[in-house]
Amino acid sequence: MSEIFDKTNTFSDLGLRSSVLKGVEKMGFEHPTDIQAILIPAVLSGQDVIGQAKTGTGKTAAFGLPLLHQCERDVPMQALILTPTRELAAQICSELDELGEFTPINSTCIIGGMSMRKQQKAVEDGAQIIVGTPGRIMDLYARKQIHFKNLKSVVLDEVDRMLDIGFRDDIRKILGQVKQDHQTIFVSATIDAEIERLARSYMKEDTKKLTTISGSLTVEMVDQKYYTVEAWDKRRLLMHILKHEDPETTVVFCKTKKTVQKIADHLRGRKFDVREIHGDLRQKKRNRVMESMRKGKVQVLVASDLAARGLDVEHITHVINYDLPEDPEIYVHRIGRTARAGRRGFAWSFVTPDQGQLLTSIEILTGAHIEKLEFDEGFEPGPVPKQVVEEREQEEARQRRREQDSVRTGPRSLDGLTDDQLHAMFPGGKIPSGGGKKKSGGRLRTRRRR
2 MSEIFDKTNT
12 FSDLGLRSSV
22 LKGVEKMGFE
32 HPTDIQAILI
42 PAVLSGQDVI
52 GQAKTGTGKT
62 AAFGLPLLHQ
72 CERDVPMQAL
82 ILTPTRELAA
92 QICSELDELG
102 EFTPINSTCI
112 IGGMSMRKQQ
122 KAVEDGAQII
132 VGTPGRIMDL
142 YARKQIHFKN
152 LKSVVLDEVD
162 RMLDIGFRDD
172 IRKILGQVKQ
182 DHQTIFVSAT
192 IDAEIERLAR
202 SYMKEDTKKL
212 TTISGSLTVE
222 MVDQKYYTVE
232 AWDKRRLLMH
242 ILKHEDPETT
252 VVFCKTKKTV
262 QKIADHLRGR
272 KFDVREIHGD
282 LRQKKRNRVM
292 ESMRKGKVQV
302 LVASDLAARG
312 LDVEHITHVI
322 NYDLPEDPEI
332 YVHRIGRTAR
342 AGRRGFAWSF
352 VTPDQGQLLT
362 SIEILTGAHI
372 EKLEFDEGFE
382 PGPVPKQVVE
392 EREQEEARQR
402 RREQDSVRTG
412 PRSLDGLTDD
422 QLHAMFPGGK
432 IPSGGGKKKS
442 GGRLRTRRRR
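Next up, the structure:
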C-alpha cells in the first residue's frame, strides 16, 4: 500500500487553502497519493493538464481539491466535470461534498434519469461546480437552460471510457463552446494517441502531461484468484461460493444486462438479499440501490460494467467476475470496487477453458499472478447439458459434410490435401503428380494435340 502514497508530502504542503485542508483532515487523509502530489500543484498553477494514473489512486481528489480551492463563492458554474456515466457523476458530487464541507463551494449533478427542472434550478441557485454526462450537459445547453460563460475549468474524467461509449462528438461540441480563456484537465487510466490528439486540440501549448508509475492501490490490496469452469457450471458455482464462503458484501459482474437480470432473479428465488443494477434500470431505482449499498443493507449486487461505474462503497469485501471481461482494463475497474479505505479485498473470476489467453493479458496488465483455485469437496462440475451435446454433434456433422463435399467436388489443386483425402479421390492408387496444363505468363495454357 505504501507504494501508492507520497510519504515525503502532506496535503498541507501542496498549497491548498485551510478550509479545503479541513475537509481532507476530517476524511482521515494525511499523505497524498502520487497522482495527487503531482496533479494538485499543476492544476493550482492554472496550467492545462493531461493526467494519467491507474484506477484506485485517488484521481477524483487530485482534480477535485484544487477546484474547491479555486472556485469563488458567488459565481455559479465555474467548473464543469464530465464523466462517462451517471453513477460516476453522482459519486464525484458526493466526494466533493465531503471534501468541501468547510468551504462555501457547492456541486450538483446534471445527469439523465433525473428531473431536468430540478437540475436547472440547482444551477440557478448558484452551484459553482457542475458534474454531468456529456449528453445531458449538451441537452441543457441546447435548450439554453445552462451556459458556459463563467467556466474557468473543464475536467474530463475517465476520458478513455467516454470515448469508448461514444461521447466523442458531445465532448468536441462542449469544448468548442467554451470561448473564454479557461483551464482544461484530462484525467484517465490510459492515454492513447487519440486521447492525446483530442486533448492537444483544445489545450494550450504549455500543457503538462503527468503520469504516475506507481501501482494501483486496488491491485495491491486485492487477493485475486480464479476458477476454471465451464459456462454451464458458473451459476451453480456462484451459488456454492455465496453459500459456503458467506462474504459480507459481494458485487457480481456480468457481461450483459440479460445475464445480470437472470442471475439476480435466480439468487432472489433462493432467498439471497440481492439487488441488480444495469442500463435499463430507472434512475430513481438506481439511486435507491446505491443508497442501500452505502448503508450496508445489500448482501449481493449483480451489475453490468457501465452501470457500476462510480460505485464506491467502503465495505464491499468481494468481487466476483461471473463473466470475465474482454478488456483487461475493465477487469481493473471491476476489482477496484473492493479494497477501499485501506482494507483488503477479494476478487474471484470464473474463467472458461477457452479464456486462458485473456487471463494472461489481465495478469500482464496488473502485474499480478492470479492463483488458480480448485473446487472444494462440496462442488462437483455437472454433466455437459443435452443442448450443448446436440450443438456439438450438429457442428461435427456439418464439418463431416464439408469434408465430404470437398472430396466429391475436388479442389482446384492437389496441394495441401492429406494422404487420406488423396486416396479417397483416386481409389485405384495411382495419384497423378502433375497435369497436362502449364503456366504461361501467369495464365494456364493447355497443350494442344498435334
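In the numbering used here, the protein residues as written are 2 to 451. We put the CB at the ideal spot given by N, CA and C, even for glycine.
Can you tell me where the beta strand (DSSP E) with residue i in it begins and where it stops?
| i | result |
| --- | --- |
| Lys226 | Val223 to Thr229 |
For residue i, tell me which candidate among the options has the shortest Cα-Cα distance.
| i | options | result |
| --- | --- | --- |
| Lys259 | Phe273, His241 and Asp281 | Asp281 |
| Leu97 | Arg87, Cys110 and Phe347 | Cys110 |
| Arg271 | Met240, Glu392, Ala123 and Ile175 | Met240 |
| Phe103 | Lys55, Phe351, Ala123 and Val25 | Val25 |
| Glu195 | Asn288, Arg162, Glu99 and Val299 | Arg162 |
| Tyr203 | Pro135, Val230, Tyr228 and Ile175 | Ile175 |
| Arg344 | Val314, Asn322, Glu364 and Tyr332 | Val314 |
| Pro105 | Arg237, Ile147, Phe149 and Ser19 | Ser19 |
| Ile51 | Asp274, Ile317 and Gln184 | Gln184 |
| Lys244 | Glu392, Gly379 and Val390 | Gly379 |
| Glu375 | Gln262, Val230 and Glu364 | Val230 |
| Leu453 | Glu99, Glu372, Arg295 and Thr34 | Summary: the structure shown does not reach residue 453, with the chain confined to residues 2 through 451, and so no result is reported for it. |
| Asp224 | Pro329, Gly113, Ile147 and Thr339 | Thr339 |
How would you label residue i, buried or exposed, when you count the other beta carbons within 10 angstroms and need 16 or more for buried?
| i | result |
| --- | --- |
| Ser189 | buried |
| Gly133 | buried |
| Ser154 | buried |
| Met28 | exposed |
| Asp158 | buried |
| Asp324 | buried |
| Gln178 | exposed |
| Lys205 | exposed |
| His279 | buried |
| Gly368 | exposed |
| Asp170 | exposed |
| Arg87 | buried |
| Lys150 | exposed |
| Leu218 | Summary for Leu218: the model assigns pLDDT 49, below 50, so the residue's position carries little reliability, and this model does not support an answer. |
Looking at the strands, I want to know which residues DSSP matches up with residue i.
| i | result |
| --- | --- |
| Lys209 | Val50 |
| Ser154 | Ala80 and Gln184 |
| Leu302 | Val252 and Arg276 |
| Thr109 | Ile131 |
| Phe347 | Asp224 and His319 |
| Phe6 | Thr34 |
| Lys387 | DSSP output for Lys387 lists no bridge partner at all. |
| Glu372 | Lys226 |
Would residue i count as contacting chain D if we go by Cβ distances under 8 Å?
| i | result |
| --- | --- |
| Ile51 | Structure shown: chain D not included; a single protein chain is present. |
Which residues mark the beginning and the end of the alpha helix (DSSP H) in which residue i is found?
| i | result |
| --- | --- |
| Ser95 | Arg87 to Leu100 |
| Leu321 | Reading the sequence as shown, one finds Ile at residue 321 and not Leu. Ile321 -> not in any alpha helix (DSSP H); beta strand (DSSP E) instead, spanning His319 to Asn322. |
| Thr61 | Lys60 to Gln71 |
| Glu292 | Gln284 to Arg295 |
Considering only heavy atoms of the ligand GDP, does any lie closer than 7 Å to the CB of residue i?
| i | result |
| --- | --- |
| Phe6 | Here there are no bound small molecules, and the ligand GDP is not part of this structure. |
Is it the case that the region 68-85 contacts the region 127-142, given that we only count it when at least three CB pairs across the two stretches are under 8 Å?
With contact defined as three or more Cβ pairs closer than 8 Å, the region 127-142 and the region 68-85 are in contact.
Task: Touching by the beta-carbon criterion (3+ pairs, under 8 Å), the region 52-64 and the region 114-122 - done: Taking 8 Å as the limit for Cβ pairs, the verdict is that the region 114-122 does not touch the region 52-64.
Within 8 Å, do at least three Cβ pairs link the region 249-258 to the region 296-308?
Result yes; three or more Cβ-Cβ pairs closer than 8 Å.
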